[in-house]
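In terms of the numbering used here, the sequence shown opens at residue 29 and continues consecutively.
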Amino acid sequence: MSDIEIARAANKKPIQEIGAKLDIPSEHLLPFGHDKAKVSADFIKSVSGNKNGHLVLVTAINPTPAGE
Numbered sequence: 029m030s031d032i033e034i035a036r037a038a039n040k041k042p043i044q045e046i047g048a049k050l051d052i053p054s055e056h057l058l059p060f061g062h063d064k065a066k067v068s069a070d071f072i073k074s075v076s077g078n079k080n081g082h083l084v085l086v087t088a089i090n091p092t093p094a095g096e
């Protein structure tokens, strides 16, 4: 399967559901659609002392057709 086929076949879960499973309060999630969100810096700071977790930052650039 190609990457696009895998992505299209994926069953996405609502980001609020994923946040709840990770104990991230909804007021600390800034949703972008139903399946992605930013986590507030305040929440990241509040859990920075935890020894049992990892932070994974995912970034991407999606230019417009004009290349901006």
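C-beta: ideal position from N, C-alpha, C; glycine also.
Chain-order list of residues whose beta-carbon lies under 7 Å from that of residue i (same chain, five-residue window excluded)
{"i": "Ile-43", "result": "Leu-57, Pro-59, His-62, Asp-63, Lys-64 and Ala-65"}
{"i": "Ser-54", "result": "Gln-44 and Gly-47"}
Backbone CA spacing between residue i and residue j [nearest angstrom]
{"i": "His-82", "j": "Asp-31", "result": "26 Å"}
{"i": "Ser-76", "j": "Asp-70", "result": "10 Å"}
{"i": "Ala-35", "j": "Ala-88", "result": "16 Å"}
{"i": "Asn-90", "j": "Asn-78", "result": "33 Å"}
{"i": "Ser-74", "j": "Val-84", "result": "16 Å"}
Sequence-distant residues of the same chain with beta carbon closer than 8 Å to residue i, five excluded per side
{"i": "Met-29", "result": "Ala-37"}
Reduced DSSP secondary structure (H/G/I, E/B, other) of residue i
{"i": "Ala-48", "result": "helix"}
{"i": "Ala-65", "result": "strand"}
Contact set for residue i: own chain, Cβ-Cβ below 6 Å, skip 5 residues either direction
{"i": "Ser-68", "result": "His-56"}
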